[in-house]
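Undergrad:
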Amino acid sequence: MDLQDDEVARYQREGFLKVPQVLTPAEVAECLEEGTAMLRRHDTLRWPSETGMVMDWVASPQLESGAFRRLALHPVITAIAERLAGRPLRMFKSELLRKAQVGSTVTPLHADEGGLPINGVPVTLTAWVALVDVPEPRGCMTFWPGTHQLALPDDGEALETHPEVAFRPRVTVPLRAGDCTFHHARTLHAAHANRTGETRISLATVYMDVEATFDPERLLYSEGLTDALSLHLKALGAGQPLSSEYFPRLR
Ligand SMILES: O=C(O)CCC(=O)C(=O)O
0 MDLQDDEVAR YQREGFLKVP QVLTPAEVAE CLEEGTAMLR RHDTLRWPSE TGMVMDWVAS
60 PQLESGAFRR LALHPVITAI AERLAGRPLR MFKSELLRKA QVGSTVTPLH ADEGGLPING
120 VPVTLTAWVA LVDVPEPRGC MTFWPGTHQL ALPDDGEALE THPEVAFRPR VTVPLRAGDC
180 TFHHARTLHA AHANRTGETR ISLATVYMDV EATFDPERLL YSEGLTDALS LHLKALGAGQ
240 PLSSEYFPRL R
């Protein structure tokens, strides 16, 4: 699946891109079955909100599942990611996300950069693949085009320090199962609550420059996290290359 030059130009201008049907129906079915079972048996990590839960997730599903390793390093998705970044990449992390159908709340407006302990962030991007249909009422994402080019705080305070962001146009992007969005680590985005009777299940994988190094100053939210990647990161020193087996090159 080759991207057109104008799609790459649009990503560079807007900071996100939807690519329909990067997965075959058989790949979606395999990952959905495996993902549903993993979400059932795991003690998931949680992002709570004042009135419910934004979402919960299984960290690094690729470490225990061949289907999710194939998905995180999927040849179509990774080729698109490298084309958009314009250089070779590694995987930083992959997360199997669930926005439950009961009690889920919106994903607040944020950019990813501040929570990623990576030097080399200018090329960092996320591929978010839907494993079920995600129309707006099931919690699809909304992106603020062009915000990756602004010097905005990335810790959720963009609206306080830059109130004009509330008046910028935004684009809500419903996805079919098997569709994918790619977003730059500096692009502001959010997601609706899931108000339907079906759980939203997706995989979000973050890719980074092959030369990226560790920035512990940005290792946020890691206290108390005992998943394998968090433990691995806590043992790394500042400036060390992120090049162990946790961070495979895409090619
Ligand atoms: O899935 C969501 O609601 C938000 C995901 C997100 O913020 C991300 O993948 O960067």
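For the sequence shown, numbering that gives the first Met the number 0 assigns the number 0 to the initial residue and increments by one for each residue that follows.
Even glycine gets a Cβ: it sits at the ideal position worked out from N, Cα and C.
Computed from a predicted model, the values in this text were never measured in an experiment.
Quick one: what's N118 bridged to in DSSP?
TA: Beta-bridge pairing links N118 to T212.
Undergrad: CB of W56 to nearest heavy atom of ligand 1: below 6 Å?
TA: Checking every heavy atom of ligand 1 against the Cβ of W56, none is found closer than 6 Å.
Undergrad: By the DSSP assignment, the beta strand (DSSP E) with F181 in it spans what residues?
TA: Segment 179-183, the beta strand (DSSP E) holding F181.
Undergrad: State the beta-bridge partners of E29 as determined by DSSP.
TA: Note: E29 sits in no beta bridge, so no partner.
Undergrad: Between the segment 229-245 and the segment 205-213, do three or more beta carbon pairs fall short of 8 Å?
TA: Yes: at least three Cβ pairs fall under 8 Å.
Undergrad: For L44 and P116, I'd like the C-alpha separation in whole angstroms.
TA: Each residue's Cα considered, the two are about 18 Å apart.
Undergrad: Rounding to the nearest angstrom, what Cα-Cα distance links Q100 and E197 in this structure?
TA: Cα to Cα, the separation comes out at about 6 Å.
Undergrad: Could you give the uninterrupted runs of the alpha helix (DSSP H) lying entirely in the segment 69-111, keeping only those of 4 residues or more?
TA: DSSP runs (the alpha helix (DSSP H)) wholly in the segment 69-111: 74-84.
Undergrad: Here's a check: name, in chain order, each residue in its chain whose Cβ is nearer than 7 Å to the Cβ of P134, leaving out the five neighbours to either side.
TA: P173.
Undergrad: Ordered along the chain, which non-local residues of its own chain (more than five positions away) have a Cβ less than 7 Å from that of P247?
TA: L72, R89, M90, listed in sequence order.
Undergrad: How would you label A184, buried or exposed, when you count the other beta carbons within 10 angstroms and need 16 or more for buried?
TA: It counts as buried.
Undergrad: Where do the ends of the beta strand (DSSP E) carrying L16 lie?
TA: Element bounds for L16: 15-18.
Undergrad: For D111, verify whether its CB is less than 6 Å away from any heavy atom of ligand 1.
TA: Yes - ligand 1 has a heavy atom lying nearer than 6 Å to the Cβ of D111.
Undergrad: Identify, in the order they occur along the chain, each residue of the same chain with its Cβ nearer than 7 Å to the Cβ of L62, setting aside the five sequence neighbours on each side.
TA: Excluding residues within five positions, the ones whose Cβ falls inside 7 Å are A227.
Undergrad: Examine ligand 1 and report whether any of its heavy atoms sits within less than 6 Å of the Cβ of W127.
TA: Yes, since a heavy atom of ligand 1 falls inside the 6 Å radius drawn around the Cβ of W127.
Undergrad: Could you tell me whether the Cβ atoms of L202 and V131 are closer together than 7 Å?
TA: Not in contact: L202 and V131 (Cβ atoms no closer than 7 Å).
Undergrad: Straight-line CA distance for L187 to R39?
TA: Each residue's alpha carbon lies about 31 Å from the other.
Undergrad: Exposed or buried, what is G65 when buried is set at 16 or more other beta-carbons lying within 10 Å of its beta-carbon?
TA: G65 comes out exposed.
Undergrad: DSSP three-state label for R167, please.
TA: Here R167 sits in coil by DSSP.
Undergrad: To the nearest angstrom, how far is the alpha carbon of S103 from that of R194?
TA: Computed Cα separation, rounded: 8 Å.
Undergrad: Let me make sure I understand the geometry here. Which of L96, L232, E112, P19 has the alpha-carbon closest to that of R175?
TA: Among L96, L232, E112, P19, the Cα nearest to that of R175 belongs to P19.
Undergrad: Do you know offhand how far M0's Cα is from E6's?
TA: About 12 Å.
Undergrad: Which residue comes first and which comes last in the alpha helix (DSSP H) that contains H231?
TA: Element bounds for H231: 227-233.
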